[in-house]
Amino acid sequence: MKYSEYKPRPDLLKDRIILVTGAGDGIGRAAALSYALHGATVVLHGRTLNKLEVIYDEIESLGAPQPAILPLQLSSASPRDYELLVDTLDKQFGRLDGILHNAGILGERTELENYPADIWDDVMAVNLRAPFVLTQELLPLLKKSESASVVFASSGVGRETRERWGAYSVSKIAIEAVSELFAKENTHPNLRFNCINPGATRTAMRAKAFPDEDPKTLATPEMIMPAYLYLMGDDSLALNGQSIDDQD
């Protein structure tokens, strides 16, 4: 399937409650807006509250359902933080219909021989531990949904190792395994887990990873949204334990 040609119906995500991590900018921001415009109540997660407030206002001004804001520092979140998060979502909504695990950090582009261990730990905390723990903690709310979709962000370097991608590559290879394990072990018929590799996209992280690249040659986050909508809506109900490439 060529995802760029997917045409979601306008009410694809009507009445859905969807959590988007890393919603402050880039792909997360585009996904939050896109989900809201297709009817979802979006729970905006990010590190920077004022960025989330700007997106909150933008969603409201577009006449989409009123979003919610959920600031949480993924790299240092404690069990108590997660407990409060689940409690807040449960009290406010009573269920969760989707998670887009978009938050991530690049770390260093250097050989493992020189890779700083503290940065390695940070990358693993945000890119691997947080999506695993967050999914685990939110499973009771996801199971209350009539149809829930959990989407993990992968990468081309999450399929095969590439020199000087260090912790980022390892974290993405591992997140593919996490998604697959959740899918294989899942016994709940209304719940599915998949990965998406967005491909080369015009984001701040991409610019940091490829400083010499001309960003104008890349797809914008808005251009790659059809696949993100597809995975979150009911048109992909048959998809579970898969990893798709957005731009192939």
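Residue numbers are given in our numbering: position 75 of the sequence shown equals residue 65, and the series is strictly consecutive.
Each residue gets a CB set at the ideal place from its N, CA and C atoms; glycine is no exception.
A quick note: this is a predicted structure, and the numbers were derived from the prediction, not measured.
In the DSSP assignment, PRO61 falls within the beta strand (DSSP E) that extends over 58 to 61. Comparing alpha-carbon positions, the option among LEU52, HIS35, PHE83 and ASP47 lying closest to LEU62 turns out to be HIS35. A distance below 9 angstroms separates the beta carbons of GLY189 and ALA209. Sequence-distant Cβ neighbours of LEU39 in its own chain, meaning closer than 8 angstroms and more than five residues away, are ILE59 and PRO61. In the structure shown, ALA138 adopts extended strand secondary structure according to DSSP, grouped into three states.
When the five nearest sequence neighbours on each side are left out, the beta carbons in the same chain lying within less than 6 angstroms of the beta carbon of ILE89 are those of LEU9 and VAL140, in order along the chain.
Sequence-distant Cβ neighbours of GLU98 in its own chain, meaning closer than 7 angstroms and more than five residues away, are TYR105, PRO106, ILE109 and GLY156. Here ASP204 is exposed: its Cβ has fewer than 16 other Cβ atoms, across all protein chains shown, within 10 Å. The residue among LYS41, LEU2 and VAL44 with its C-alpha nearest the C-alpha of HIS28 is LEU2. In the structure shown, ASN117 adopts helical secondary structure according to DSSP, grouped into three states. Listed in chain order, the non-local C-beta contacts of VAL33 below 6 angstroms within the same chain comprise LEU9, ALA58 and LEU60, local neighbours out to five positions each way being set aside.
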